[in-house]
Amino acid sequence: ETGVTQTPRHLVMGMTNKKSLKCEQHLGHNAMYWYKQSAKKPLELMFVYSLEERVENNSVPSRFSPECPNSSHLFLHLHTLQPEDSALYLCASSQEMGEAEQYFGPGTRLTVT
Amino acid sequence: KNEVEQSPQNLTAQEGEFITINCSYSVGISALHWLQQHPGGGIVSLFMLSSGKKKHGRLIATINIQEKHSSLHITASHPRDSAVYICAAYNTDKLIFGTGTRLQVFP
């Protein structure tokens, strides 16, 4: 039981669709993260939120739009994605930003057709 | 070249064997994270350490800051240990991830 949930677990979308990924943490943490994991590549940090403010945007294309309405919820809005965006998208949280143990959700497996 | 390198990339073992996975990094770090990822994607934190050694059950993690090297050991390996093991280094408040070591333990 990680305390971090993600929905949906699997998503198939066309390049013209708009969809959203949801992450919820039940750990009382103040920092939340979006990561992308592509095949054969290390995890890539996409966005970091600390106390609901975005503190990191790691050169992510604008077709990915994060939203953090409160410290427990994090969304990733997807719009006009490309097939190369197909990957596992992982959400994580930590007590504070920085050197703190991160707890990961199960991920959303995204396929863009 | 990745700033965090793991070896081996793939590892197979028979049940009961002692396993060692290595992680080397080329940047200054404040701490190192060992993570386990099972098929299906979920990632579990195993250890976070900045010096010495930590033990949890059959898992042992060590780090040598001077040599910029960490190891994860599994004693008496079991098929349920089959997973991808990822090391990640904290550098200026960011985690830099290795590409992972895929471990398969056969009965």
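Same order as they appear, the protein sequences are chains W and X.
Just so it is clear: in the first sequence, position 101 is 1447 by this note's numbering, and no numbers are missing.
Just so it is clear: in the second sequence, position 18 is 1371 by this note's numbering, and no numbers are missing.
Every residue gets a Cβ at the ideal spot worked out from N, C-alpha and C, and that includes glycine.
Source: prediction; values computed, not measured.
(request) Following the continuous beta strand (DSSP E) through R1409/W, name the residue where it begins and the one where it ends. (result) Counting from one through the first sequence, the residue named residue 1409/W turns up at place 63. Note, R1409/W: premise wrong, no beta strand (DSSP E); not H, not E.
| query | Apart from the five residues just before and just after H1386/X, which ones in its own chain have a Cβ nearer than 6 Å to its Cβ? | reply | Looking up residue 1386/X in the second sequence gives position 33. Here the set comprises M1401 and A1441.
Quick one, which residues of the region 1446-1457 of chain X are near chain W if we go by CB-CB under 9 Å, in chain order? D1446, K1447, L1448, I1449, F1450, G1451, T1452 and G1453
**Message:** So A1384/X contacts chain W; which residues on that side make the cut at Cβ distance below 8 Å?
**Reply:** Position 31 of the second sequence, counted from the first residue, corresponds to residue 1384/X. By Cβ distance, chain W contributes E1445.
message = Judging by CA-CA distance, which residue of P1429/W, G1360/W and M1392/W is the nearest neighbour of F1421/W?
response = Taking the first sequence and counting its residues from 1, one reaches residue 1421/W at position 75. The candidate whose alpha carbon is nearest that of F1421/W is M1392/W.
- prompt: Just checking my contact of I1449/X with Q1390/X at CB under 8 Å: how many whole Å lie between their CB atoms?
  reply: As a first step, residue 1449/X must be located in the second sequence, where it is residue number 96. As a first step, residue 1390/X must be located in the second sequence, where it is residue number 37. Not really, about 16 Å apart at Cβ, beyond 8 Å.
Could you spell out where the beta strand (DSSP E) holding E1408/X opens and where it closes?
-> Residue 1408/X sits at position 55 when you count from the first residue of the second sequence. Looking at the sequence shown, residue 1408/X is not Glu but Lys. First-last of the beta strand (DSSP E) with K1408/X: G1405 to H1409.
*7 Å CB neighbourhood of E1347/W in its chain, flanking five on each side removed*: To locate residue 1347/W, count along the first sequence from 1; it is residue 1. For E1347/W, the predicted model reports a pLDDT of 48, less than 50, meaning its position is unreliable; a value from the coordinates is still stated below. The answer is none, since no qualifying residue turns up.
Exercise for review: Examine chain W for any beta-carbon lying closer than 8 Å to the beta-carbon of I1396/X, and answer yes or no.
Suggested key: Reading the second sequence from its first residue, position 43 is the one you call residue 1396/X. Chain W contact via Cβ: present.
Q | Short-range partners of chain X found in the region 1363-1395 of chain W, where Cβ spacing is below 9 Å | A | Y1379, Y1381, Q1383, K1386, K1387, P1388, L1389, E1390, L1391 and V1394
Exercise. Given a cut-off of 8 Å, decide if E1398/W and N1416/W are closer than it, judged by their beta-carbon atoms.
Key: In the first sequence, counting from the first residue as 1, residue 1416/W sits at position 70. In the first sequence, counting from the first residue as 1, residue 1398/W sits at position 52. Cβ distance < 8 Å, so N1416/W and E1398/W count as in contact.
message: Cβ closer than 7 Å: which chain W residues qualify as neighbours of Y1443/X?
response: Stepping through the second sequence from its first residue, residue 1443/X is reached at position 90. In chain order: E1445.
(request) Use the C-beta contact count for P1452/W: other C-beta atoms within 10 angstroms, 16 or more gives buried, fewer gives exposed. (result) The count along the first sequence starts at 1 and reaches residue 1452/W at position 106. Buried, by the Cβ-count rule.
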